[in-house]
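Notes follow once the structure below has been shown.
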Amino acid sequence: MRKSKLKLGEILVRDGVITEEELAKALQAQAHDGGPIGEVLIKLGLADERDVVVALSKQLGIPYASYAKGLLKPASDQDLISLIPEGFAREHLVLPISRNFNSLTVAFADPLDLITADNVRRMSSCMINPIIATKTDLRRAIDEFYGQRNMLQEAISDSYTAQDVTITERPSAGSEEDLSLDELIAKAEEAPVIKLVDLVIRQAIQERASDIHIEPYKDRINIRYRTDGVLYEIPPPARHLLPAITSRIKILANLDIAERRLPQDGAFIVRLEGKVIDLRVSTVPTIHGEKVVLRILDKTSVPLELARLGFSARELELFDKAIRSPHGLVFLTGPTGSGKTTTLYAGLNTIRSPHKNILTIEDPVEFRLDGVNQIQVRPNIGLTFANGLRAFLRQDPDIIMVGEVRDLETAQVCVRAALTGHLVLSTLHTNDALGAVGRLADLGIERYFLVSALRLVAAQRLVRRLCPECKEAYEPSKEVIDQFHLGSEPLYRARGCAECNNTGYRGRVGIYEIVPVIERIQQLIVDGASTTEMNRAAREAGFPGLLDSGVKKVQEGITSLEEVLGVAMSGPE
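Residue numbers (the numbering used here): 21 to 593.
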């Protein structure tokens with residue numbers, strides 16, 4: 021492999037990963053904050069880890085090794101563990117792959133780290149033949165090679181052989197309620213329980229899960245991870261550990277472990293592999309015990325850049341124009357978990373400025389934005405969306421973000437703020453963009469106020485991205501081509517590999533319906549037209565729907581037709 025004379029950023033531009041403008045932005049950030057350009061691009065959400073490592077491989081002339089393709093599997097017939105100790109391998113992210121006489125092939129996350137390379141050479145007494153891999157792939161391969169990958173499975177297996185007789189002999193599965201507070205604390209602080217909870221959380225983060233569900237049933241526990249919007253079961257521990265697991269999580273989240281009759285909410289922070297990750301905890305009582313859900317908020321994995329969320333050029337132009345308006349209402353609609361709040365954060369991240377006073381009121385505050393005043397709703401002390409908004413209007417705001425409009429009072433204050441010279445961004449739960457009009461009218465907002473206040477309504481969904489390592493091309497049938505107005509180019513579908521845990525998908529991307537409230541739609545709002553009539557007018561004006569946005573991503577090879585149909589056809593178009 022030949023070394024390239026181009027710089028890393030130039031290679032990424034040449035390969036179409038980033039644009040010249042994005043490279044210029046990254047170079048400006050690098051000049052301000054320092055750090056390698058690759059890390060800056062990843063931090064800004066302009067490129068992912070694999071893109072940067074592949075480009076670095078081309079720049080240095082060092083082979084790139086992918087875990088998914090089996091290139092990070094050390095030779096099983098060679099004594100490689102003795103050459104590089106596990107602690108060193110984990111700390112410096114290096115992995116021995118094969119040895120040929122006095123030459124040792126080693127995978128590095130940073131082949132430019134000459135000190136680490138020299139230490140590997142000294143401890144192995146070999147000449148080093150370097151290859152390069154992503155940090156994520158190396159961690160997975162190191163776990164597998166040094167025997168750590170199965171730690172969770174081993175801990176779960178141990179839970180079935182080390183049962184506490186005093187619990188298992190109790191007459192019913194829900195009898196953990198009879199345990200005293202001291203017993204619960206003692207069991208929650210036992211080493212096996214601490215290790216098990218830690219491994220469940222650690223594996224969920226490593227598998228990019230957004231939620232962990234711990235569900236009690238009569239004779240078993242279910243543990244499920246939600247990854248890319250889909251729930252997957254993992255092998256569960258023994259049923260008798262439920263009260264100890266629940267109590268351990270409650271202790272971490274600073275909840276009342278003695279209270280098992282009422283729902284509770286809490287939060288805690290974990291630090292893993294140099295990242296700080298927030299976990300939000302929710303418990304609810306069921307007939308078989310407490311169900312626990314942990315929401316994982318890995319801020320480093322969410323790009324707060326509008327251009328990285330999935331907007332087409334036209335959609336981005338319309339949305340960007342709306343959020344730069346001096347005043348008016350911009351609503352994002354969609355079901356829970358469709359990425360609405362992330363899009364609003366990305367919008368605020370785009371338009372924030374020392375010259376603008378931006379305030380948000382949220383429940384909860386999921387991301388901290390520098391230069392933005394963010395407030396957490398606290399209904400128990402009277403700090404509701406409506407009360408917070410009224411206070412905002414006395415704070416000389418330029419831009420206001422409201423986490424969600426749920427009632428007439430909040431809607432009225434939003435409309436009033438938009439009509440008095442403020443830009444208001446918020447979300448609603450409706451099936452499509454123009455359904456926001458009907459929803460606001462149902463809450464009690466007069467339609468003539470909406471005509472004056474609304475600037476843009478948008479709907480969004482999240483579809484899973486096809487795994488780039490294993491997606492396969494196929495020729496769609498003529499019926500499919502005709503139905504969705506496809507061209508002659510092949511489409512792609514999911515297959516499955518080690519990189520994507522055999523799901524065929526890795527990550528998610530947004531599909532959007534962006535509708536500016538133009539004069540024709542304003543007239544329909546005043547006339548009391550139905551959502552169907554307004555949607556028809558939007559299509560005639562050249563504003564496509566969610567399905568159209570999804571089909572375009574299918575044609576670009578980003579997702580599959582099955583995935584888009586499962587998401588975009590769930591509500592009216």
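C-beta atoms are modelled at their ideal positions from N, C-alpha and C, and glycine is treated no differently.
None of the values given here were measured: they were computed from a predicted structure.
Review point. Hey, quick one: how far does the alpha helix (DSSP H) through Leu326 stretch, first residue to last?
Key: In the sequence shown, residue 326 corresponds to position 306, counting from 1. No alpha helix (DSSP H) holds Leu326; DSSP gives it neither H nor E.
Review point. Smallest Cα separation from Gly524: which of Thr247, Gln432, Thr363 and Pro536?
Key: Start at 1 with the first residue of the sequence shown, and residue 524 comes out as number 504. Its Cα nearest to that of Gly524, the residue Thr247 stands out among Thr247, Gln432, Thr363 and Pro536.
Practice item. Step through the CB atoms of chain D and report whether any lies within less than 8 Å of the CB of Gly458. Key: In the structure shown, chain D cannot be found, because there is only a single protein chain.
Review point. Which whole-angstrom value is the C-beta distance of Cys8 and Glu519, which I expect to be below 8 Å?
Key: In this structure the chain extends from 21 to 593, so residue 8 is not present and cannot be described.
Check your understanding: Quick one: what's got a C-beta closer than 6 Å to Ser300's C-beta in the same chain, skipping five residues either side?
Key -> Taking the sequence shown and counting its residues from 1, one reaches residue 300 at position 280. The sequence as given places Arg at residue 300; Ser does not occur at that position. Excluding residues within five positions, the ones whose Cβ falls inside 6 Å are Ala287 and Arg315.
**Study point:** Cβ pair Pro115, Leu92 closer than 8 Å
**Key:** As a first step, residue 115 must be located in the sequence shown, where it is residue number 95. As a first step, residue 92 must be located in the sequence shown, where it is residue number 72. The question names Pro, but residue 115 in the sequence shown is Leu. Note that the C-beta distance between Leu115 and Leu92 is below 8 Å.
**Study point:** Ser86 beta carbon less than 8 Å from that of Asp35
**Key:** Residue 35 sits at position 15 when you count from the first residue of the sequence shown. Residue 86 sits at position 66 when you count from the first residue of the sequence shown. Taking 8 Å as the Cβ cut-off, Asp35 and Ser86 do not qualify as a contacting pair.
Exercise for review: Identify every residue that forms a DSSP beta bridge with Ser123.
Suggested key: Here residue 123 is taken as the residue at index 103 of the sequence shown, counted from 1. Residue pairing by DSSP places Ser123 opposite Asn120 and Met147 in a beta bridge.
Exercise for review: Per DSSP, which residues does Ile13 bridge with? Please list them.
Suggested key: The requested residue 13 is not part of the displayed model; the chain covers only 21 to 593.
Point to revise | Reference Leu349; option with closest CA among Ala67, Ser302, Thr440 and Pro150 | key: For the purposes of this step, residue 349 is taken as residue 329 along the sequence shown, with counting starting at 1. Proximity to Leu349 across Ala67, Ser302, Thr440 and Pro150 peaks at Thr440, based on C-alpha coordinates.
Check your understanding: Looking only at its own chain, which residues have a Cβ that is under 6 Å from the Cβ of Glu382, when we skip the five neighbours before and after it?
Key -> In the sequence shown, counting from the first residue as 1, residue 382 sits at position 362. Gly423, listed in sequence order.
Check your understanding: If you drop the 5 nearest sequence neighbours on each side, which residues of the same chain put their C-beta closer than 7 Å to that of Ala558?
Key -> As a first step, residue 558 must be located in the sequence shown, where it is residue number 538. So the qualifying residues of the chain are Leu454, Val535 and Ile541.
Review point. Under a three-way DSSP split, which group does Gly519 fall into?
Key: Here residue 519 corresponds to residue number 499 of the sequence shown, with the count starting at 1. First, the amino acid is wrong: residue 519 is Glu here, not Gly. If DSSP states are grouped into helix, strand and coil, Glu519 belongs with the helices.
Check your understanding: Which residue spans inside the stretch 73-115 form an unbroken beta strand (DSSP E) run of at least 3?
Key -> Within the stretch 73-115, no complete beta strand (DSSP E) segment of 3 residues or longer occurs.
Exercise for review: Compare the Cα-Cα distances from Leu61 to each of Lys45, Val74 and His52 and report the closest residue.
Suggested key: Within the sequence shown, residue 61 is the residue found at index 41, counting from 1. Comparing alpha carbon positions, the residue from Lys45, Val74 and His52 closest to Leu61 is Lys45.
Point to revise | Distance between beta carbons of Ser123 and Met143, contact taken as under 8 Å | key: Counting from one through the sequence shown, the residue named residue 143 turns up at place 123. Counting from one through the sequence shown, the residue named residue 123 turns up at place 103. Taking a contact as a CB-CB distance under 8 Å, the pair Met143 and Ser123 does not count as one, their CB atoms being some 15 Å apart.
Point to revise | Coarse secondary structure for Lys215, derived from DSSP in three states | key: In the sequence shown, counting from the first residue as 1, residue 215 sits at position 195. Helix.
Review point. Below 8 Å between beta carbons: does that hold for Val217 and Arg268?
Key: Indexing the sequence shown from 1 puts residue 217 at position 197. Indexing the sequence shown from 1 puts residue 268 at position 248. Contact flag set, yes.
Practice item. Decide if Phe121 is buried, meaning its Cβ has at least 16 other Cβ atoms within 10 Å, or exposed. Key: Within the sequence shown, the letter at position 101 stands for residue 121. Around the CB of Phe121, fewer than 16 other CB atoms lie within 10 Å, so the residue is classed as exposed.
Review point. If you check the beta carbons only, do Ala129 and Leu113 fall under 8 Å apart?
Key: Start at 1 with the first residue of the sequence shown, and residue 129 comes out as number 109. Start at 1 with the first residue of the sequence shown, and residue 113 comes out as number 93. Cβ atoms of Ala129 and Leu113: closer than 8 Å.
Review point. Looking at C-alpha atoms only, which residue of Gly391, Leu482, Lys498 and Ser580 is the closest neighbour of Val250?
Key: Within the sequence shown, the letter at position 230 stands for residue 250. Per the Cα distances, Leu482.
Point to revise | Supposed contact pair Leu443 and Val457 - C-beta distance, whole angstroms, cut 8 Å | key: Here the question's residue 457 lines up with position 437 in the sequence shown. Here the question's residue 443 lines up with position 423 in the sequence shown. Taking C-beta atoms under 8 Å as the contact rule, Val457 and Leu443 fail to qualify, at a distance of about 19 Å.
Practice item. Report the residue from Glu533, Ala549 and Val74 whose alpha carbon sits nearest the alpha carbon of Pro131. Key: Residue 131 sits at position 111 when you count from the first residue of the sequence shown. For the residues Glu533, Ala549 and Val74, the minimum Cα distance to Pro131 belongs to Val74.
Review point. Touch check for the stretch 510-517 and the stretch 484-499: three-plus C-beta pairs under 8 Å?
Key: The stretch 510-517 is in contact with the stretch 484-499.
**Study point:** Environment of Ser446 [buried if 16+ CB atoms lie within 10 Å]
**Key:** Walking along the sequence shown from the start, residue 446 turns up at place 426. By the Cβ-count criterion, Ser446 is buried, with 16 or more other Cβ atoms from all chains shown falling within 10 Å of its own Cβ.
Check your understanding: With distances taken from CA atoms, which of Ile117, Phe108, Glu386 and Ala206 is nearest Gln98?
Key -> Here residue 98 refers to the residue found at position 78 when the sequence shown is read from its first residue. Looking at the Cα atoms, Ile117 is the closest of the given residues.
Check your understanding: Is it a yes or a no for the stretch 395-405 touching the stretch 354-374, going by three-plus beta-carbon pairs under 8 Å?
Key -> Too few Cβ pairs lie closer than 8 Å, so no.
Check your understanding: Does DSSP put Tyr512 in a helix, in a strand, or in coil?
Key -> One-based indexing of the sequence shown puts residue 512 at position 492. DSSP places Tyr512 in strand when its eight states are reduced to three.
Review point. Helix, strand or coil for Pro191 per DSSP?
Key: For this step, residue 191 is matched to residue 171 along the sequence shown. Confidence at Pro191 is low in this model, with a pLDDT of 36, below 50, so the placement of that residue should be treated as unreliable; the coordinate-derived value is given next. It is coil, neither helix nor strand.
Check your understanding: Which residue from Val33, Lys63, Phe165 and Glu40 puts its Cα closest to that of Asp94?
Key -> The residue given as residue 94 occupies position 74 in the sequence shown. According to the sequence displayed, residue 94 carries Pro and not Asp. When each option's Cα is compared against that of Pro94, the closest is Phe165.
Point to revise | Neighbourhood of Glu553 by C-beta distance below 7 Å, restricted to the same chain and skipping five residues each side | key: As a first step, residue 553 must be located in the sequence shown, where it is residue number 533. Leu544, listed in sequence order.
Exercise for review: Classify Arg281 as helix, strand or coil using the three-state DSSP reduction.
Suggested key: Stepping through the sequence shown from its first residue, residue 281 is reached at position 261. Three-state DSSP puts Arg281 in coil, outside helix and strand.
Check your understanding: With 16 as the cutoff for other CB atoms within 10 Å, does Thr303 come out buried or exposed?
Key -> As a first step, residue 303 must be located in the sequence shown, where it is residue number 283. The residue in question, Thr303, is buried, as its Cβ has 16 or more Cβ neighbours within 10 Å.
Check your understanding: Tell me, which residues are paired with Phe128 by DSSP?
Key -> Position 108 of the sequence shown, counted from the first residue, corresponds to residue 128. Assignment of beta-bridge partners to Phe128 by DSSP yields Val114 and Ile152.
Point to revise | Three-way DSSP call (helix, strand, coil) for Gly309 in this model | key: Position 289 of the sequence shown, counted from the first residue, corresponds to residue 309. The answer is strand: DSSP assigns Gly309 an E or B state.
**Study point:** Boundaries (first-last residue) of the alpha helix (DSSP H) holding Leu336
**Key:** Numbered from 1 along the sequence shown, position 316 holds the residue referred to as residue 336. It spans Ala333 to Ile343 - the alpha helix (DSSP H) in which Leu336 sits, taken as one unbroken run.
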